[in-house]
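Undergrad: Residue numbers (the working numbering): 6 to 462.
Every residue, glycine too, gets a C-beta built ideally from N, C-alpha and C.
From a predicted model like this one, the values you see are computed outputs, not experimental measurements.
Structure incoming, see below.
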């Protein structure tokens with residue numbers, strides 16, 4: 006009888022330690038940026054490789070990437086590359102080369118887009134907190150490879166003079182708020198660090214950890230950013246989220262003392278996840294840090310829901326190359342497009358760049374979708390008759406005759422119901438939209454940006 010040897014299971018001390026995030030310094034035209042990342046394929050992504058979208062975490066005002074330490078350590082690192090960046094003037098990143106150019110929402114967005122192009126990142130799911138959420142919104146018309154976005158404590162701002170006053174609780178006005186001042190003494194740095202996060206967790210020294218973040222922040226950044234906002238120089242973020250087809254999730258702490266949660270009731274979204282602005286009970290400002298057990302299961306569902314296969318930018322490049330090898334011509338602008346979910350051609354005219362994701366929210370004019378939005382999403386292969394609705398003389402199905410739909414309309418889902426799996430897939434994936442650039446136009450993106458600016462730290 007053959008001898009069968011069983012390999013001894015290694016002891017805990019012999020097992021390899023869990024992976025640690027790596028920090029990379031990337032030179033941009035705005036500043037040298039620190040990128041903390043972890044997960045599979047922890048290198049620059051080549052355009053010909055189709056992977057899950059990268060989870061991009063963008064921190065808030067006066068904080069840095071350390072606020073996302075629980076997200077970086079979450080099980081999502083096994084399936085997705087997770088990147089947490091330090092904005093210019095924050096954390097390990099250098100101060101802005103030109104502060105007036107960079108220290109505002111559009112400036113930060115331009116910097117992040119440039120960073121992604123340098124690193125060769127093709128698709129992202131954004132987790133934006135506070136300032137990071139505003140940066141994510143500003144990225145929507147700038148970077149067409151955003152698969153989905155979750156905003157935490159981020160009210161989309163219009164250009165009205167009263168927008169800042171209505172969106173936040175200021176007390177004595179934004180000019181005197183710590184988050185808008187540059188000249189903070191050590192005690193005020195501690196106060197800002199404590200008030201801007203969750204309840205102090207039992208592990209670690211929160212004050213010392215985030216006090217250093219506030220103290221390190223370029224003092225010009227806070228004041229210049231709010232002066233830029235007050236002058237109405239940022240984009241109309243309300244308009245951006247209303248017109249985009251990118252799925253957006255709104256998640257706030259129910260006890261957020263800084264953001265006016267009622268402000269969201271007046272914001273329209275083109276593709277709001279579950280048509281609901283979620284609130285996590287007992288949570289304050291940053292639930293992904295202070296209450297990860299409550300936040301991460303729902304975030305995982307959101308990420309997985311928008312990480313499925315699609316004709317992303319990299320896959321589109323591959324498809325075009327395969328067509329070229331087979332001797333086929335690229336589709337002319339006759340409404341032909343690669344990208345039906347079954348691999349078929351669809352009849353959507355777009356005239357878009359071949360290496361670019363093309364996202365369009367179809368404005369309906371009449372017949373607004375549920376929730377009062379003035380926009381609906383045209384899925385691939387949707388017929389003209391389906392878009393126009395029932396013809397004259399055809400009887401529409403009344404809400405009371407559709408008990409499931411009527412029940413869903415009356416009872417909006419809660420964060421707990423999403424986590425429990427009681428709520429099905431809601432928002433339409435960006436890959437399911439008809440494809441075309443935003444009306445403001447996009448500068449053609451060079452996906453072959455050199456890697457000479459990327460250095461390991």
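What number of angstroms, rounded off, separates the C-alpha of residue 217 from the C-alpha of residue 112?
TA: Within the chain shown, numbered from 1, the residue matching residue 217 stands at position 212. Within the chain shown, numbered from 1, the residue matching residue 112 stands at position 107. Put simply, the backbone Cα of residue 217 is about 24 Å away from that of residue 112.
Undergrad: Buried or exposed: residue 295, going by 16 or more other Cβ atoms within 10 Å of its Cβ?
TA: Counting from one through the chain shown, the residue named residue 295 turns up at place 290. In summary, residue 295 is buried, with 16 or more beta-carbon neighbours lying within 10 Å of its beta-carbon over all protein chains present.
Undergrad: Should residue 158 go down as buried or exposed, given a rule of 16 or more other Cβ atoms within 10 Å for buried?
TA: On the chain shown, residue 158 is found 153 positions in, with the first residue counted as 1. Buried, by the Cβ-count rule.
Undergrad: Check the Cβ-Cβ distances between residue 108 and every residue of chain C, and say whether any is below 9 Å.
TA: The structure shown has no chain C; it contains just one protein chain.
Undergrad: When DSSP labels each residue in this structure, what does residue 43 get in the three-state scheme?
TA: Counting from one through the chain shown, the residue named residue 43 turns up at place 38. It is a strand residue.
Undergrad: Looking at the structure shown, is residue 403 part of a helix, part of a strand, or coil, going by DSSP?
TA: The residue given as residue 403 occupies position 398 in the chain shown. Residue placement at residue 403 is flagged as unreliable, the pLDDT there being 43, under the threshold of 50; a coordinate-derived value is accordingly withheld.
Undergrad: Over the uninterrupted beta strand (DSSP E) stretch that includes residue 144, give me the two end residues.
TA: Here residue 144 refers to the residue found at position 139 when the chain shown is read from its first residue. Not the beta strand (DSSP E): residue 144 falls in the alpha helix (DSSP H), residues 136 to 144.
Undergrad: Using a 10 Å radius around the Cβ and a threshold of 16 neighbouring Cβ atoms, would you call residue 200 buried or exposed?
TA: By 1-based counting over the chain shown, the position of residue 200 is 195. Exposed: under 16 other Cβ atoms inside 10 Å.
Undergrad: Inspect the beta-carbon positions of residue 185 and residue 252 and report whether they are closer than 9 Å.
TA: Your numbering for residue 185 matches position 180 in the chain shown. Your numbering for residue 252 matches position 247 in the chain shown. No, the pair does not count as a contact, with Cβ atoms beyond the cut-off.
Undergrad: What are the complete beta strand (DSSP E) segments, minimum 3 residues, inside the stretch 151 to 185?
TA: DSSP runs (the beta strand (DSSP E)) wholly in the stretch 151 to 185: 151 to 157.
Undergrad: Going by beta carbon distance, what residues of the same chain come within less than 7 Å of residue 98, once the five residues before and after it are set aside?
TA: On the chain shown, position 93 is the one that residue 98 refers to. Excluding positions up to five away in sequence, the list reads 36, 37, 38, 39, 91, 92.
Undergrad: What distance in whole Å lies between the Cβ atoms of residue 75 and residue 302, which are believed to be in contact at a cut-off of 8 Å?
TA: Position 297 of the chain shown, counted from the start, is the residue given in the question as residue 302. Position 70 of the chain shown, counted from the start, is the residue given in the question as residue 75. Contact check for residue 302 and residue 75: beta-carbon distance about 13 Å, past the 8 Å limit, so the pair fails to qualify.
Undergrad: Whole angstroms are fine: how far does the CA of residue 163 sit from the CA of residue 243?
TA: Numbered from its first residue, the chain shown carries residue 243 at position 238. Numbered from its first residue, the chain shown carries residue 163 at position 158. The straight-line gap from Cα to Cα measures roughly 5 Å.
Undergrad: For residue 193, is the classification buried or exposed, using 16 other Cβ atoms within 10 angstroms of its Cβ as the cut-off for buried?
TA: Start at 1 with the first residue of the chain shown, and residue 193 comes out as number 188. It is exposed - the Cβ of residue 193 has fewer than 16 other Cβ atoms within 10 Å.
Undergrad: Rounded to the nearest angstrom, what separates residue 333 and residue 305 at their Cα positions?
TA: Locating residue 333 in the chain shown gives position 328, where the first residue counts as 1. Locating residue 305 in the chain shown gives position 300, where the first residue counts as 1. Note that residue 333 scores 45 on pLDDT, short of 50, meaning its location in the model is unreliable; the coordinates nonetheless yield the value given after this. Near 40 Å, if we compare the C-alpha coordinates of residue 305 and residue 333.
Undergrad: Given a threshold of 16 other Cβ atoms within 10 Å of its Cβ, counted over all protein chains shown, does residue 27 qualify as buried or as exposed?
TA: Translated into positions along the chain shown, residue 27 becomes position 22. Classification for residue 27: exposed.
Undergrad: Closest to residue 73 by CA distance: which of 258, 31, 63, 30 is it?
TA: Mapped onto the chain shown, residue 73 falls at position 68. Minimum Cα distance to residue 73 is reached at 63.
Undergrad: If you draw a straight line from the C-alpha of residue 292 to the C-alpha of residue 250, how long is it?
TA: Along the chain shown, one-based indexing puts residue 292 at 287. Along the chain shown, one-based indexing puts residue 250 at 245. Straight-line Cα distance between these residues: approximately 26 Å.
Undergrad: Find out if the Cβ-Cβ distance for the pair residue 169, residue 234 is shorter than 9 Å.
TA: For the purposes of this step, residue 169 is identified with residue 164 of the chain shown, where counting begins at 1. For the purposes of this step, residue 234 is identified with residue 229 of the chain shown, where counting begins at 1. Cβ atoms of residue 169 and residue 234: closer than 9 Å.
Undergrad: Could you work out which residue in 70, 132, 137, 258 is closest to residue 230 when comparing CA atoms only?
TA: Along the chain shown, one-based indexing puts residue 230 at 225. Relative to the Cα of residue 230, the nearest Cα in the group 70, 132, 137, 258 belongs to 137.
Undergrad: Grouping DSSP H, G and I as helix and E and B as strand, with all else coil, what is residue 304?
TA: Residue 304 sits at position 299 when you count from the first residue of the chain shown. If DSSP states are grouped into helix, strand and coil, residue 304 belongs with the helices.
Undergrad: Throw me the rounded Cβ distance for the residue 262 and residue 174 pair, which I believe falls under 8 Å.
TA: Residue mapping note: residue 262 aligns to position 257 of the chain shown, counting from 1. Residue mapping note: residue 174 aligns to position 169 of the chain shown, counting from 1. The pair is a contact, with the Cβ atoms about 6 Å apart (cut-off 8 Å).
Undergrad: Hey, could you find the ends of the beta strand (DSSP E) residue 258 is sitting in?
TA: Mapped onto the chain shown, residue 258 falls at position 253. Start and end: 253 to 258.
Undergrad: What is the C-beta distance between residue 126 and residue 59, in whole angstroms, given that I count them as a contact (C-beta under 8 Å)?
TA: For the purposes of this step, residue 126 is taken as the residue at position 121 of the chain shown. For the purposes of this step, residue 59 is taken as the residue at position 54 of the chain shown. About 5 Å; that satisfies the 8 Å criterion.
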